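For the sequence shown, the positions run 1 to 168 when UniProt numbering is used.
Data first, discussion second: the structure below is written as structure tokens.
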Amino acid sequence: MAEAVAKVEEPSTPSDKPECAVCLQPCVHPAQLPCGHIFCYLCVKGFANQNKRCAMCRQEIPVDFIEQPRLLQTPQPQDLAEAFDGGYQWFYEGRNGWWKYDERSTEEIEDAFKLQLPRFDLIICGHLYVIDFQNLYQYPKGHPSRKRSIRRDTNRNLVVKGVAGLSK
């Protein structure tokens, strides 16, 4: 008796980056926790600040992990250089300077900007934020008083501290 053998192919991903179990997309700045699980750096930052445990196995995350993450791919200088029309990029203001949004957030913000939307919602670190193009602010949805400035500019006009909370 002959058996039929079905060849099951793995679905191909557009990149060789691991998929994040939190946002279900290819990891942006993949970070590996001490337990071995890998997530986007911003996804780790979101759940580490809330409950200090891995989203998969619940192992405790070291207190200094956000400041000293184990990145599988170090952000390269070209990450800061990636720009849109005329060299423009999107930045948000932190305590001590300007930070570039991560690649995925930057693309979403630029798309909404080009559609001339007055504002739109964006998930950052697991929280829903409003990006307000009219007033050039971002704030957590439901907390408009906790706003920070955003801007579309070039690297030449700003001192940029890093990308998405990761220092240069």
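Even for Gly, the Cβ is constructed at its ideal location relative to N, Cα and C.
Everything numeric in this text was worked out from a predicted model, so none of it was measured.
From 38, 134, 60 and 63, residue whose alpha carbon lies closest to that of residue 152: 134
Buried versus exposed call for residue 125 [16 or more other C-beta atoms within 10 Å across all chains shown]: buried
Residue burial classification, residue 59 (beta-carbon count within 10 angstroms, cutoff 16): exposed
Residue from 73, 148 and 47 whose Cα sits closest to the Cα of residue 166: 73
Beta bridge counterpart(s) of residue 145 as assigned by DSSP: Residue 145 pairs with nothing; no bridge assigned.
Alpha carbon of residue 109 to alpha carbon of residue 140, nearest angstrom: 15 Å
Segment limits, beta strand (DSSP E) that includes residue 40: 38-40
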